[in-house]
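Student:
In my numbering, the protein residues as written are 418 to 835.
#1: Helix, strand or coil for residue 487 per DSSP?
#2: Distance, Cα to Cα, residue 668 vs residue 736?
#3: I need the DSSP call for residue 733, collapsed to helix, strand or coil.
#4: Between residue 728 and residue 683, what straight-line distance do the alpha-carbon atoms span, to the nearest angstrom?
#5: Would residue 717 and residue 794 qualify as a contact pair, given that the criterion is a beta-carbon distance under 7 Å?
#6: For residue 514, count neighbouring Cβ atoms within 10 angstroms of its own Cβ and tell me buried if that reaches 16, exposed if not.
#7: Can you tell me which residues form a DSSP beta bridge with residue 639?
#8: Ends of the alpha helix (DSSP H) at residue 455?
#9: Which residues mark the beginning and the end of the beta strand (DSSP E) in which residue 775 is found?
#10: Is the segment 691-707 close to the segment 761-772, with three or more CB pairs under 8 Å?
#11: Which term fits residue 676, buried or exposed, when burial requires 16 or more other beta carbons within 10 angstroms of its beta carbon?
#12: Tell me whether residue 517 sits in a helix, a strand or coil according to DSSP, three-state version.
#13: Could you compute how far the alpha carbon of residue 496 sits from the alpha carbon of residue 781?
#14: Could you tell me whether the Cβ atoms of residue 424 and residue 530 are closer together than 7 Å?
#15: In whole angstroms, give me the CA-to-CA distance for residue 739 and residue 672.
#16: Which same chain residues, not among the five before or five after residue 479, have their C-beta less than 6 Å away from its C-beta?
#17: Relative to the C-alpha of residue 752, which residue among 469, 771, 719 and 745 is closest?
#18: Just list the residues that DSSP pairs residue 691 with in beta bridges.
#19: So residue 755 and residue 726 are in contact, right, with Cβ under 8 Å, and what is the actual spacing, rounded?
#20: Distance check for residue 490 and residue 498, CA to CA, integer angstroms please.
#21: Given that a residue counts as buried once 16 or more other Cβ atoms are within 10 Å of its Cβ, and exposed if not, what is residue 823?
#22: Can you give me the Cβ contacts of residue 427 inside the same chain, cut-off strictly under 6 Å, excluding the 5 residues immediately before and after it?
#23: Alpha carbon to alpha carbon, what distance is there between residue 439 and residue 638?
#24: Can you check DSSP and say which residues form a bridge with residue 911?
#25: How is residue 827 classed by DSSP in three states: helix, strand or coil?
#26: Quick test of your reading: residue 532 and residue 422, contact by CB under 8 Å. State the CB separation rounded to the nearest angstrom.
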């Protein structure tokens, strides 16, 4: 495949954004005349509309520009894609990035569609979550599961991250789960449910890993962070799941989204960023000091909760109907030691033992008022005290919860005492 059309389909609109071309040495992207007429900046730092000629992508994104690289899966989604290709007699190693995007087609997260799309299977009707969890376990174990692989590919071929996950419609009142529509959107919420992303434990993980993520999402909401609606699923004696309502879909429409990684062309696999970069980019993109404050509180929460897998794909921005960028709700929140026991994203250079002084210095560098920063830190420190109460109805092993609390007490001590 030498060329691929990139279609913008955000907020009910549909028009050609541009063309990706594979020269054999580079992948080039050029905006369409319609994109220039729309004057919509989807990647103002790395792919501005004003740049003359074709844009060259980034090596860390397989040569793709960041504004489309977020559409490609990693981890679980990439595993599914590669397994399916091998079963179809195709070599994943010989597949170009454009062919992978064509494989995603209309199923990408965010607001982009890729044409012509590679044919994929459809998975109609109701779904059994426990069966999907079992199918995911089969795929992870590399057992013969052709039918399971085909279904999971349709439901989970686009999401990012290492843990198995599926994109479904979930009707909270009835508990009914069904496959999403043709474009991964929901129609009538009352009858079809809402678009959700549901995760399962990865290979070698205990089933309570989903309960821990449910706890962290509750705790973040209690502390005042914006989080999506969520639910913990107790499936049976062997499986569990955790789901969140997708924030890249609203009322059946796609919402434009970009990660911190794609906005900066930063390799999310490498711990090269600092929270100062997140705060400065948030100010640059949104122009809203309230959003900068939210980004700072996200940092404080990650420090207090020992969420050290805070890489650049775990922060994102959404474009609203008025074409203003906003910080996306917090996601992928859980207890994690990070690389070599450090935060993926450092706090003014500190990744191992960030303290109150580091957080206040971060606020100073990001031009956040000292009183506002101290107030945010104190409020989140107080909010962490609700952890035990919020965990009461979740099936987390006592030993696991006790070990988690011991580490969090140390993190809290550094932030409260400095």
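No residue lacks a Cβ here, since even glycine has one placed at the ideal position from N, Cα and C.
Tutor: By the coordinates alone:
#1: Indexing the chain shown from 1 puts residue 487 at position 70. In the structure shown, residue 487 sits in coil (DSSP, three-state: anything other than H, G, I, E or B).
#2: Within the chain shown, numbered from 1, the residue matching residue 668 stands at position 251. Within the chain shown, numbered from 1, the residue matching residue 736 stands at position 319. So the two alpha carbons sit approximately 15 Å from each other.
#3: Residue numbering aside, residue 733 sits at position 316 when the chain shown is read from its first letter. The answer is strand: DSSP assigns residue 733 an E or B state.
#4: As a working note, residue 728 is residue 311 in the chain shown. As a working note, residue 683 is residue 266 in the chain shown. Taking the straight line joining both Cα atoms gives about 10 Å.
#5: Here the question's residue 717 lines up with position 300 in the chain shown. Here the question's residue 794 lines up with position 377 in the chain shown. Result yes, Cβ atoms of residue 717 and residue 794 sit closer than 7 Å.
#6: Translated into the one-based positions of the chain shown, residue 514 becomes position 97. Result: buried.
#7: As a first step, residue 639 must be located in the chain shown, where it is residue number 222. Partner(s): none; residue 639 has no beta bridge.
#8: Taking the first residue of the chain shown as position 1, residue 455 is located at position 38. Residue 455 -> alpha helix (DSSP H) spans 450-455.
#9: Here residue 775 refers to the residue found at position 358 when the chain shown is read from its first residue. Where residue 775 is concerned, there is no enclosing beta strand (DSSP E), although the alpha helix (DSSP H) it sits in stretches over 773-782.
#10: yes
#11: Position 259 of the chain shown, counting from 1, holds the residue named residue 676. With 16 or more other Cβ atoms within 10 Å, it is buried.
#12: Working through the chain shown from its first residue, we reach residue 517 at position 100. The answer is helix: DSSP assigns residue 517 an H, G or I state.
#13: For the purposes of this step, residue 496 is taken as the residue at position 79 of the chain shown. For the purposes of this step, residue 781 is taken as the residue at position 364 of the chain shown. Their Cα atoms are separated by approximately 42 Å.
#14: Taking the chain shown and counting its residues from 1, one reaches residue 424 at position 7. Taking the chain shown and counting its residues from 1, one reaches residue 530 at position 113. Cβ distance < 7 Å, so residue 424 and residue 530 count as in contact.
#15: By 1-based counting over the chain shown, the position of residue 739 is 322. By 1-based counting over the chain shown, the position of residue 672 is 255. Roughly 12 Å between the two C-alpha positions.
#16: Residue numbering aside, residue 479 sits at position 62 when the chain shown is read from its first letter. These residues qualify, in order along the chain: 514.
#17: The residue you call residue 752 lines up with position 335 of the chain shown. Measuring from the Cα of residue 752, the nearest candidate turns out to be 719.
#18: Along the chain shown, one-based indexing puts residue 691 at 274. Answer by DSSP bridge pairing, in chain order: 763.
#19: Counted from its first residue, the chain shown places residue 755 at position 338. Counted from its first residue, the chain shown places residue 726 at position 309. Contact flag correct, Cβ pair sits at about 6 Å.
#20: Within the chain shown, numbered from 1, the residue matching residue 498 stands at position 81. Within the chain shown, numbered from 1, the residue matching residue 490 stands at position 73. Answer to the nearest angstrom: the Cα atoms are 9 Å apart.
#21: By one-based count along the chain shown, residue 823 stands at place 406. The residue in question, residue 823, is exposed, as its Cβ has fewer than 16 Cβ neighbours within 10 Å.
#22: Taking the first residue of the chain shown as position 1, residue 427 is located at position 10. Excluding residues within five positions, the ones whose Cβ falls inside 6 Å are 528, 671 and 673.
#23: Taking the chain shown and counting its residues from 1, one reaches residue 638 at position 221. Taking the chain shown and counting its residues from 1, one reaches residue 439 at position 22. Cα to Cα, the separation comes out at about 44 Å.
#24: The first residue shown for the chain is 418 and the last is 835, placing residue 911 beyond what the model contains.
#25: Counting from 1 along the chain shown, the entry for residue 827 is found at position 410. Helix, per DSSP.
#26: Taking the chain shown and counting its residues from 1, one reaches residue 532 at position 115. Taking the chain shown and counting its residues from 1, one reaches residue 422 at position 5. Confirmed, about 5 Å.
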